[in-house]
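Undergrad: Chains as they are written, first to last, in this note's numbering: chain A, 1 to 502; chain B, 1 to 449.
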């Protein structure tokens, strides 16, 4: 599905997106001759392993030619929508251009073919790269130390909350067992806190779309270990009281957790250290353009203030006086290890490559342009869609379906599905939970004005369709080949693996 | 740098005019002054693409362990395997790499079907009823498996772990699990490298075994699982080398209830330890306790078969603090690589590579153990790696001799446990030629002389 390139901006795609059910590889292989010459194995005669552990054969496994594999996956790829094809205004998830040079760098033999247990002197380049990224992330966040260890944002969050819990334990403050979490937070925030054995006390977002100091003061108590904040928050709004809130926390021996999901709104501009944040994770794929890959891998480095630097997960990379790099496991109160080895190295290469392309001169443009683009969309769509919070927003904007739902019985999901007919990926829907029928849009820094203009015209066109031909929107998508899928059936009678009988 | 942006100066001016702003700075008026960075960021200057290329190339060249002439026998949870080029070619298609999590199923059928096929192949490879869309890596998957066992066995709080499990995986379990939540006991290994079970009772939630374990030994999980079943204890089988199951009977078939491990061997490069792909599967009846994503088959409004992410009621975006796990992703692109790899090799290919790995490793093991001055650390049968103990010389002498021949001879086991001084874990895969193996043996003979 490619973005509409016609002059008429909101024209429905000329042709139906082609869709044909592709049989699974496993289905394809049962009709296949499995005795292909090049795949023959001599009958196993292994005497070194007791017979009861020898497998006779792997049941229901594909046996097809390489050519068929190429066709199968090429055809599957065509059923996907990707940022390389068209606009993806996915709020809070951040789909931006992934520079091709990043992939080239990560695939250099000197990076992709090195073993994690190779002698340190033989992998100095890899260690240097990690060191440089640690330094870059430390400077960008305005914090003191960094570990690249966590495999994803949610794991970074878990590690961050563990650090907070251990800090209190070490300081004999074990009664501090509660985390303040705003109701606009990502679902992983409360889940991570719970996994660390901490209780969650919810803070209501104020009427202006940010947490108000008075609310936090009221919820504050000696049992509070930390507050978990996202800055800007999931409404795209800057937490105006953050400096005061951090001070309140610190004055009471509590810490401040920063969810770095939206760092791309502030990169090069604002310092999380100056806001009083003690630990934050950074989703490298959101701010530093590592590809999303249909759901990962990501990378979720953590950066910390002085208070927590002795608690970092292990290891991180250090440099000695001779300029040699080594893995450092000596953090006195380390919260330990959360995976094998040192981090999603391939993602780290890409992130550093992105940061160095901008350098100190241009890094802030990432946030400036993404904020400009988001505000441009906001301004243009405000007359057509309900904006639940009027406060200034940064890199993303949250509308709701209130106008369309009340008057024409068309909801967010319908609007999202209709966008597909025009060749766009829908925005984030029904998140944050505090906005009923949320439609969260984030254009990112990489999009052109022309793309935004076309998208805006399309959204306006859909708003008009809701008025005039609601049924068209409600029954969307029409042009995707496959229609709306039955999710209830999928959950009630789960079919999670292919088997011959089906 | 500007090539990554698409706004012209003219566009910017027009857009700012539309917003009634005179500069980009004005877009940030909601920030208090004290939070802005003061002065220039401490970063190098912007680099053009040709500068980036030479810079990163130079840095990668400092890693001489990636050179072709350098032969590595390092394993221990990360394995050097040949990756057919078709895996790179297909997995690097922009439609796969730059797609988002397939929440909008109608325009994400490619990723969804690939996940469904991955789940199917993994379930078949591991011999379990259901497998998820993948985890971060083997270590975190194992930690989640232990948490899952504790959820299933609500009233039991003891966890028994074979000391044959990868030491970094054990550390991961220790970090993930609250010490107040359960008691962890470690099972010592006997001469064979098999864990010694204590008297079992109803306070034990699960037993974690290695198959093959960290030392390469094929633990008798069938016997362990049988004993566990008598007390309703769950058996978790953990592996680091997924290709072993081209030769070895699947852990699920041998009675393991939950099977987890590292899938890097299936088409993912070493990449200095990540990103890798955690494989996780279990008996069907535990599907709702399984953490992570699941893709399922369903039909669309016209009855055409298609795929969606499903059973998300276990997940953090719905259950928040009550979620099964805080994991909100999978390592999808790595899982895709694994699926393409498995598809390309096929059943026969995987069986033949597994056999090839075993035969080469077995040859090396037999030749080495005939030499005076070293012995096997554990006697049990192994797949493609094994541990030796040096008796007559120090490991330092041994390693230096090999390094002089451009060979990384194995992983020093004292790195993980000081009691394993002078012990080496040697891995051998299909990437080593017969000449490579002979060279290894020759160097060993010389150094032991």
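Backbone N, C-alpha and C fix where the C-beta goes; we use that ideal spot for every residue, glycine too.
The structure displayed is predicted, hence computed values, not measured ones.
Under 9 angstroms Cβ-Cβ, which residues of chain A neighbour residue 125 (chain B)?
TA: Within the second chain, the letter at position 125 stands for residue 125 (chain B). Neighbours of residue 125 (chain B) on chain A, chain order: 58 and 61.
Undergrad: Run through chain A and tell me which residues come within less than 7 angstroms of residue 15 (chain B), C-beta to C-beta.
TA: Here the question's residue 15 (chain B) lines up with position 15 in the second chain. Residues of chain A passing the Cβ test: 372, 376 and 449.
Undergrad: Do we get a CB-CB distance below 9 angstroms when we pair residue 61 (chain B) with the residues of chain A?
TA: As a first step, residue 61 (chain B) must be located in the second chain, where it is residue number 61. Interface residue, yes.
Undergrad: How would you call residue 72 (chain B), buried or exposed, if buried means at least 16 neighbouring beta carbons within 10 angstroms?
TA: In the second chain, the residue the question calls residue 72 (chain B) occupies position 72. Residue 72 (chain B) comes out buried.
Undergrad: Decide if the stretch 187-195 of chain A is in contact with the stretch 327-339 of chain A; the criterion is three or more beta carbon pairs, one per stretch, under 8 angstroms apart.
TA: No: the two stretches stay apart, fewer than three of their Cβ pairs being nearer than 8 angstroms.
Undergrad: Does residue 444 (chain B) have its Cβ less than 9 angstroms from a Cβ in chain A?
TA: Walking along the second chain from the start, residue 444 (chain B) turns up at place 444. So, not an interface residue.
Undergrad: Runs of 4 residues minimum, wholly inside the stretch 185-250 of chain A: which ones carry the alpha helix (DSSP H) assignment?
TA: If we require 4 residues or more, the alpha helix (DSSP H) runs fully inside the stretch 185-250 of chain A come out as 188-195 and 213-219.
Undergrad: According to the Cβ coordinates, are residue 409 (chain B) and residue 443 (chain B) closer than 9 angstroms?
TA: For the purposes of this step, residue 409 (chain B) is taken as the residue at position 409 of the second chain. For the purposes of this step, residue 443 (chain B) is taken as the residue at position 443 of the second chain. Yes.
Undergrad: For the pair the stretch 401-420 of chain A and the stretch 37-47 of chain B, tell me if three or more CB-CB distances fall below 8 angstroms.
TA: As far as the Cβ criterion goes, the stretch 401-420 of chain A does not touch the stretch 37-47 of chain B, which means the pair count is below three.
Undergrad: Using the three-state DSSP reduction, which class does residue 183 (chain B) fall into: helix, strand or coil?
TA: For the purposes of this step, residue 183 (chain B) is taken as residue 183 along the second chain, with counting starting at 1. Residue 183 (chain B) falls in the strand class under three-state DSSP.
Undergrad: Provide the residue span of the alpha helix (DSSP H) that contains residue 160 (chain A), from first to last.
TA: Taking the first residue of the first chain as 1, we reach residue 160 (chain A) at position 160. Counting along the chain, the alpha helix (DSSP H) containing residue 160 (chain A) begins and ends at 153-170.
Undergrad: Run through the DSSP bridge pairs and tell me what residue 375 (chain B) is partnered with.
TA: Numbered from its first residue, the second chain carries residue 375 (chain B) at position 375. The partner list for residue 375 (chain B) (beta bridge, DSSP) reads B:389.
Undergrad: Tell whether a beta-carbon distance below 9 angstroms holds between residue 247 (chain B) and residue 358 (chain B).
TA: Numbered from 1 along the second chain, position 247 holds the residue referred to as residue 247 (chain B). Numbered from 1 along the second chain, position 358 holds the residue referred to as residue 358 (chain B). Their beta carbons are under 9 angstroms apart, which means residue 247 (chain B) touches residue 358 (chain B) by this criterion.
Undergrad: Are at least three pairs of beta-carbons, each pair with one atom in the stretch 114-134 of chain B and one in the stretch 84-103 of chain A, less than 8 angstroms apart?
TA: No, the stretch 114-134 of chain B is not in contact with the stretch 84-103 of chain A.
Undergrad: Cβ atoms of residue 113 (chain B) and residue 282 (chain B): under 9 angstroms apart, would you say?
TA: Looking up residue 282 (chain B) in the second chain gives position 282. Looking up residue 113 (chain B) in the second chain gives position 113. Not in contact: residue 282 (chain B) and residue 113 (chain B) (Cβ atoms no closer than 9 angstroms).
Undergrad: Which residues share a DSSP beta bridge with residue 386 (chain A)?
TA: As a first step, residue 386 (chain A) is located in the first chain; it is residue number 386 there, counting from the start. According to DSSP, residue 386 (chain A) bridges with A:400.
Undergrad: At what residue ranges does the stretch 288-330 of chain B contain a whole run of the beta strand (DSSP E), taking only runs of 3 or more?
TA: DSSP runs (the beta strand (DSSP E)) wholly in the stretch 288-330 of chain B: 295-299 and 305-309.
Undergrad: Where does residue 459 (chain A) fall in DSSP's three states?
TA: Here residue 459 (chain A) refers to the residue found at position 459 of the first chain. Note: residue 459 (chain A) maps to helix in three-state DSSP.
Undergrad: In chain A, which residues lie less than 7 angstroms from residue 169 (chain B) when you measure between Cβ atoms?
TA: For the purposes of this step, residue 169 (chain B) is taken as the residue at position 169 of the second chain. Neighbours of residue 169 (chain B) on chain A, chain order: 340.
Undergrad: Leaving out the 5 sequence neighbours to the left and right, which residues in its chain are closer than 7 angstroms to residue 422 (chain B) when beta-carbon positions are compared?
TA: Start at 1 with the first residue of the second chain, and residue 422 (chain B) comes out as number 422. Contacts found: 389, 390, 394 and 395.
Undergrad: With a cut-off of 9 angstroms, does the C-beta of residue 9 (chain B) fall near any C-beta of chain A?
TA: In the second chain, the residue the question calls residue 9 (chain B) occupies position 9. So, not an interface residue.
Undergrad: Just by C-beta distance, which residues in the stretch 418-437 of chain A are closer than 7 angstroms to chain B?
TA: Hits within the stretch, in order: 420, 425 and 426.
Undergrad: Let me check one thing: in DSSP terms, what residues is residue 209 (chain B) bridge-paired to?
TA: As a working note, residue 209 (chain B) is residue 209 in the second chain. Beta-bridge pairing links residue 209 (chain B) to B:237.
Undergrad: Looking only at its own chain, which residues have a Cβ that is under 6 angstroms from the Cβ of residue 305 (chain A), when we skip the five neighbours before and after it?
TA: Here residue 305 (chain A) refers to the residue found at position 305 of the first chain. Within the same chain, residue 305 (chain A) has close Cβ partners 143, 144 and 278.
Undergrad: Which runs of the beta strand (DSSP E) fall wholly inside the stretch 236-321 of chain A and span at least 3 residues, in chain order?
TA: Runs of the beta strand (DSSP E) inside the stretch 236-321 of chain A: 255-259, 279-281, 302-304 and 316-319.
Undergrad: Using only CA atoms, which one of B:17, B:32 and B:70 lies nearest to residue 405 (chain B)?
TA: Indexing the second chain from 1 puts residue 405 (chain B) at position 405. With distances taken between Cα atoms, residue 405 (chain B) lies closest to B:70.
Undergrad: If you measure from the beta carbon of residue 228 (chain A) to each beta carbon in chain B, is any gap under 9 angstroms?
TA: For the purposes of this step, residue 228 (chain A) is taken as the residue at position 228 of the first chain. No, residue 228 (chain A) does not count as interfacial toward chain B.
Undergrad: Give me the Cα-Cα distance between residue 39 (chain A) and residue 200 (chain B), rounded to the nearest whole angstrom.
TA: As a first step, residue 39 (chain A) must be located in the first chain, where it is residue number 39. As a first step, residue 200 (chain B) must be located in the second chain, where it is residue number 200. Unreliable placement is indicated for residue 39 (chain A), whose pLDDT of 42 sits below 50; no coordinate value is reported for it.
Undergrad: Where does residue 439 (chain A) fall in DSSP's three states?
TA: If you number the first chain from 1, residue 439 (chain A) lands on position 439. Looking at residue 439 (chain A) - three-state DSSP - the assignment turns out to be strand.
Undergrad: Using CA atoms only, rank isn't needed, just tell me which of A:311, A:174 and A:373 is closest to residue 253 (chain A).
TA: Within the first chain, the letter at position 253 stands for residue 253 (chain A). Checked all of A:311, A:174 and A:373; the closest Cα to residue 253 (chain A) is A:174.
Undergrad: Along the alpha helix (DSSP H) that carries residue 103 (chain A), what are the first and last residues, could you check?
TA: Here the question's residue 103 (chain A) lines up with position 103 in the first chain. Element bounds for residue 103 (chain A): 100-106.
Undergrad: Sort A:56, A:430, A:393 and A:408 by Cα distance to residue 28 (chain B) and report the nearest one.
TA: The residue given as residue 28 (chain B) occupies position 28 in the second chain. Per the Cα distances, A:393.
Undergrad: So, does the stretch 446-466 of chain A touch the stretch 268-285 of chain B, judging by three or more C-beta pairs under 8 angstroms?
TA: Taking 8 angstroms as the limit for Cβ pairs, the verdict is that the stretch 268-285 of chain B does not touch the stretch 446-466 of chain A.
Undergrad: Is DSSP giving residue 362 (chain B) helix, strand or coil here?
TA: For this step, residue 362 (chain B) is matched to residue 362 along the second chain. Of the three classes helix, strand and coil, the one that applies to residue 362 (chain B) here is helix, per DSSP.
Undergrad: Use the C-beta contact count for residue 443 (chain A): other C-beta atoms within 10 angstroms, 16 or more gives buried, fewer gives exposed.
TA: Your numbering for residue 443 (chain A) matches position 443 in the first chain. By the 10 Å Cβ count, residue 443 (chain A) comes out buried.
Undergrad: Nearest-angstrom Cα distance between residue 396 (chain A) and residue 371 (chain A)?
TA: By one-based count along the first chain, residue 396 (chain A) stands at place 396. By one-based count along the first chain, residue 371 (chain A) stands at place 371. Approximately 7 angstroms, taken between the alpha carbons.
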